[in-house]
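The block underneath contains the structure these notes are about, expressed in structure tokens.
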Amino acid sequence: MKNILFILIYLTVIIAQTVDYNDDIQPIWNTNCISCHTSTHSSGLNLTSGNSLGELVDVPSEGVNYGGALRVASGDPGSSVLYDKITGGGSYGGQMPPYGSGDLMSEANRTLVQTWITELATDNSLFFSEYAEGSSHNKYLEIYNGTDSTINLDNYAFP
365 MKNILFILIY LTVIIAQTVD YNDDIQPIWN TNCISCHTST HSSGLNLTSG
415 NSLGELVDVP SEGVNYGGAL RVASGDPGSS VLYDKITGGG SYGGQMPPYG
465 SGDLMSEANR TLVQTWITEL ATDNSLFFSE YAEGSSHNKY LEIYNGTDST
515 INLDNYAFP
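Residues 365 to 523, numbered by the numbering used here, are exactly what the sequence shown covers, in order.
Below you can see the structure in the form of structure tokens.
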């Protein structure tokens, strides 16, 4: 009985946590994906910091094999090409990173990506991008609003 209670408490803590894109997800791309997926990659998918979020969320995948499926479908990992690719689902081709690349994604990281995609269904926060790649001075703003509701920017200052 104690074990069941411990497991329920543990799962409640895990479920209550939210995933932060910059702190939790971008490092996964940095470790597993950007050796290929940069601005010059033939796939057209750039997963480098400051670019990746805008290239993923609710963006149709390019290529005839995807039939317009979204790279990341907000709130729906099962309909997301990216999630299918990192879990080896096979609906959209081979697993990513590809076997033999030495960068296979851990189960913990796949679960974190799944949680992030699921949380996108209720995410109404603003996402502020990091410095533009190759620059430490030019900062640009990337706003993601997963709810399609209006965001009031009156309380934000832009230097």
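Heads up, the beta-carbon is just placed ideally off N, CA and C, and yes, glycines get one too.
query: Who are the near neighbours of N473 in its chain, counting only those whose CB is closer than 7 Å to its CB and skipping five residues on each side?
result: I392
Selection from G427, S399, L446, G432 that minimises the alpha carbon distance to T412: S399
task: Tell me where the alpha helix (DSSP H) around R474 begins and ends.
output: Start and end: 471 to 483.
- prompt: For P424, which beta-bridge partners are listed by DSSP?
  reply: L434
query: Which of the three DSSP states, helix, strand or coil, is assigned to V383?
result: In this structure, DSSP gives V383 a state outside helix and strand, which the three-state scheme calls coil.
message: Spatial neighbours of V383 within its chain, please: C-beta separation below 8 Å, excluding the five flanking residues on both sides.
response: I389, L476, T479, W480, E483
query: Within this structure, are the beta carbons of G457 and N429 separated by less than 8 Å?
result: yes
message: Out of N386, C397, G418, G427, which one is the CA nearest neighbour of Y463?
response: C397
- prompt: In angstroms, rounded to a whole number, what distance separates the CA positions of G453 and D518?
  reply: Between G453 and D518, the C-alpha separation is close to 44 Å.
message: Taking its Cβ as the centre, do 16 or more other Cβ atoms sit within 10 Å of P461, making it buried, or is it exposed?
response: buried
task: Keeping to the same chain, check which residues put their C-beta closer than 8 Å to that of E419; ignore five residues upstream and five downstream.
output: L409, N410, L411, R435
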